[in-house]
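Chemist: Before anything else, here's the structure in question.
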Amino acid sequence: MKGMAWKFDNNINTDLIIPARYLNVSDMSELAKHCMEDADPNFIHKIKAGDIVTAGYNFGCGSSREHAPSCMKAAGISCVIAKSFARIFYRNAINVGLPILESPEAVESINEGDTLEVILERGEIHNLTQKTIYTVSPFPPFLQSIINCGGLVPYIRKKVKEDG
Amino acid sequence: MGMTITEKILASHAGKKEVKPGEFIEAKVDVVLGNDITTPVAIESFEAMGAQEVFDKEKVVIVPDHFTPNKDISSAEHCAKVRKFVREKGIKHYYEVGRMGIEHVLLPEQGLVAPGDVIIGADSHTCTYGALGAFSTGIGSTDMAAGMATGRVWIKVPESIKFIYHGKRNPWVGGKDFILYTIGKVGVEGARYQSMEISGEAIDELSMDDRFTMSNMAIEAGGKNGIIAPDQTTLDYVKGRVKRNYTCHQSDSDARYTRVIDIDVSQIRPQIAFPHSPGNTHPVDEAGHVLLDQVVIGSCTNGRIEDMRITAQILKGKQVHPYLRLIILPGSQDVVKQMIQEGIMETFIESGAAVSTPTCGACMGGHMGVLAKGEKSLSTTNRNFVGRMGHPESEIYLSGPAVAAASAIAGRIVHPKEVF
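Residue numbers (our numbering), protein chains in the order written: chain A, 32 to 195; chain B, 87 to 506.
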């Protein structure tokens, strides 16, 4: 995946990613229109499919709403790179198949507008603008097995089938 | 090496003698919870998983409490989907408008959650039930779907931080002030991925309502759960409510903690979290001159009967400031009934407050008290993020019920002693 970097600060909460006032619908393409609205009202008009969000510590703190990673995915964000993730956002992103990478070093060096290429299988972040490469530690095997299945829905579907 | 209460509960639900922090386990769940925002998404995932029936009709609890009573056609359609699912799957614990409560007030009150349980809920404040000595944590809709389909959840065993509260608390200081002070101290990611174990002599003296308030906001410090070991107060609370067997666990004396944090509660004055973070806390006497447009008292954090009693104690015989709206959101129908029996409802109405049926509406900017651009609200809820209660340029301050009630009279943020 390849896209332009959009930079956000520390503690970006789920109300900034998708305000609760819109959650009386659950159509993610509808919610995508409000993605990051309270952090940057023009965000959705500026981004292109494949773009990458980078952020500081504790990205996705706050609510359990899975609508947050799902609407980012629906908005065309291909990946989120943060210094760290809040735990519910972290598991939701894995469960719904939004690629996430933790790398304080990469985030520190990335400037908004840099072109990034992420090679998930190798855990590599290539900053094509700055010509630098960062490697992130692999996911624990258990999480990798969910990711390999394509998220928690196919993972459980397989289990439900096996259990008959 | 000994285990913490969280490790013991997780081990017992994973069929293991012991678990260690960092280990991935699959735990059996005692309760799977959802609301009207998260359940519609969970239903889609549940169907996509190929699941036919829920794993146990008694162990799934669904409470439509966010956009209810339905505020518009979209939320009505959303709830209709939930209601259809509940009927089709024969889910026993579904609470309809008129019989419901704000989920985290309702579940303990109805005896649906018990000490020693593993509880997952598609709502981040599910950590509230840690106050009963349960492992209880928020998860997303797809996790809820997996929980409904299999009765299990994947969990990374968290490391634990032990918080020890000692000393004697000051007048007008309660569980909300303890937890706001704590979040201010450790920061909004101070307990990220970790279990917050809340203990000490000052906690032993807290009522269950105050303990629920503390566990409720563990998530605001990034915590995975906020647990308080059961004692006589816990047992007295669950007696007559919980109708099934349960287990009380305690941490071993040689359990491992990443940190031990001592807090002397005699140093805690009533707290205010300033915009736009629950970690931006200051004592109320240092708040300065903050004029308010609205005060909200209630929610899953402070919507219990004791919160209503404190509010009534301050409001009795006084009037809400003429330029201000006081909106009170009791946590459940039982709380409302008790308010009527104790004369609290009359006090509220006579003082000029609006009292709502239980709903999360105002807390998340959904309905029932949305803020305009530039307006300021003091609220006993749990989050003061940008746009949380309405316009992105409105401001939210957080406090406990005593400060909120006093400020509703004064029209600005004040210490309760200024009006009482």
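Ideal Cβ positions, reconstructed from N, Cα and C, are used throughout, including at glycine.
1. Using Cβ-Cβ distances below 7 Å, what residues of the segment 165-191 of chain A are close to chain B?
2. State the Cα-Cα distance for the pair B:T154 and B:G326, rounded to the nearest angstrom.
3. Any chance the segment 165-172 of chain A sits against the segment 305-314 of chain B, with 3 or more Cβ pairs inside 8 Å?
4. Does A:V84 come within less than 7 Å of chain B when only Cβ atoms are used?
5. Would you mind reading off the limits of the alpha helix (DSSP H) that contains B:K423?
6. State yes or no: is the C-beta of B:L292 within less than 7 Å of the C-beta of B:G253?
7. Does the segment 71-82 of chain A come close enough to the segment 94-101 of chain A to have 3 or more Cβ pairs within less than 8 Å?
8. Please list the terminal residues of the continuous beta strand (DSSP E) segment that includes B:K462.
9. From A:I141 to B:Q280, what does the alpha carbon distance come to, in whole angstroms?
10. Does any CB atom of chain A fall closer than 7 Å to the CB of B:G136?
11. Measure the Cβ-Cβ separation of B:V204 and B:H368 and say whether it is below 7 Å.
12. Within the same chain, show all residues whose beta-carbon is closer than 6 Å to that of B:I354, passing over the 5 residues directly before and after it, in chain order.
13. Quick check: the Cα distance between A:V127 and A:F74, rounded to an integer number of angstroms?
14. If B:Q399 sits next to B:R185, beta carbons under 8 Å apart, how far is it from one beta carbon to the other, in whole angstroms?
15. Between B:V149 and B:V140, is the Cβ-Cβ spacing less than 7 Å?
16. Kindly indicate the opening and closing residues of the beta strand (DSSP E) around B:P369.
17. With three or more C-beta pairs closer than 8 Å as the rule, is the segment 130-137 of chain B touching the segment 222-233 of chain B?
18. Taking Cβ to Cβ, would you say B:A217 is nearer than 7 Å to B:S301?
19. Enumerate, from N- to C-terminal direction, the unbroken alpha helix (DSSP H) stretches of 4 or more residues contained entirely within the segment 315-392 of chain B.
20. So, do the segment 113-120 of chain B and the segment 193-212 of chain B have three or more beta carbon pairs nearer to each other than 8 Å?
21. Using a Cβ-Cβ cut-off of 7 Å (strictly less than) and excluding sequence neighbours within five positions of B:A231, which residues of its own chain qualify?
22. If we cut at 7 Å on Cβ distances, does A:V111 have a partner in chain B?
23. Would you report the Cα separation of B:M454 and B:G108, rounded to the nearest angstrom?
24. Which one of B:C449, B:I159, B:P244, B:D151 has the shortest CA to CA distance from B:T344?
25. Which of the residues in the segment 48-82 of chain A, read from start to end, lie with their CB under 7 Å from any CB of chain B?
26. Would you mind giving the Cβ-Cβ distance between B:L410 and B:G497, rounded to the nearest angstrom? I have them listed as a contact below 8 Å.
27. Out of B:V105, B:A137, B:V370, which one is the CA nearest neighbour of B:K242?
28. What number of angstroms, rounded off, separates the C-alpha of B:S210 from the C-alpha of A:I178?
29. Quick check on DSSP: helix, strand or coil for B:L192?
30. State yes or no: is the beta carbon of A:N42 nearer than 7 Å to at least one beta carbon in chain E?
31. If contact means a Cβ-Cβ distance below 8 Å, which residues of the segment 122-152 of chain A contact chain B?
32. Classify B:E144 as helix, strand or coil using the three-state DSSP reduction.
33. In three-state terms, what does DSSP make of A:S101?
34. Could you give the first and the last residue of the continuous alpha helix (DSSP H) run that contains B:K94?
35. Counting C-beta neighbours from all protein chains within 10 Å, is the total for B:M303 16 or more, i.e. buried, or is it exposed?
36. Find the residues of chain B that neighbour A:N89, judging by a C-beta separation of less than 7 Å, and give them in chain order.
Modeler: Taking the geometry as given:
1. P171, F173, L183, V184, I187, R188, K190, V191
2. 29 Å
3. no
4. no
5. 419-427 is the extent of the alpha helix (DSSP H) around B:K423.
6. no
7. no
8. Here the beta strand (DSSP E) through B:K462 covers 462-465.
9. 29 Å
10. It does: the Cβ of B:G136 has a partner Cβ on chain A nearer than 7 Å.
11. no
12. V259, D263, Y267
13. 22 Å
14. Contact between B:Q399 and B:R185 is ruled out by a C-beta separation of about 29 Å, above the 8 Å threshold.
15. no
16. 367-369
17. yes
18. With contacts defined by Cβ atoms closer than 7 Å, B:A217 and B:S301 form a contacting pair.
19. 318-324, 385-388
20. yes
21. A128, S131, F132, M135
22. no
23. 42 Å
24. B:P244
25. Within the segment 48-82 of chain A, the residues whose Cβ lies closer than 7 Å to some Cβ of chain B are P50, A51, R52, L54, N55, V56, S57, D69, listed in chain order.
26. Going by Cβ atoms, the distance from B:L410 to B:G497 rounds to 5 Å, so yes, they are a contact pair.
27. B:V105
28. B:S210 and A:I178 have their alpha carbons spaced roughly 23 Å apart.
29. B:L192: helix per DSSP, three-state reduction.
30. Reference to chain E is not applicable here, since the protein chains of this structure are A and B.
31. R122, N123, N126, V127
32. coil
33. Helix at A:S101.
34. 91-99
35. buried
36. V274, E275, R278, G308
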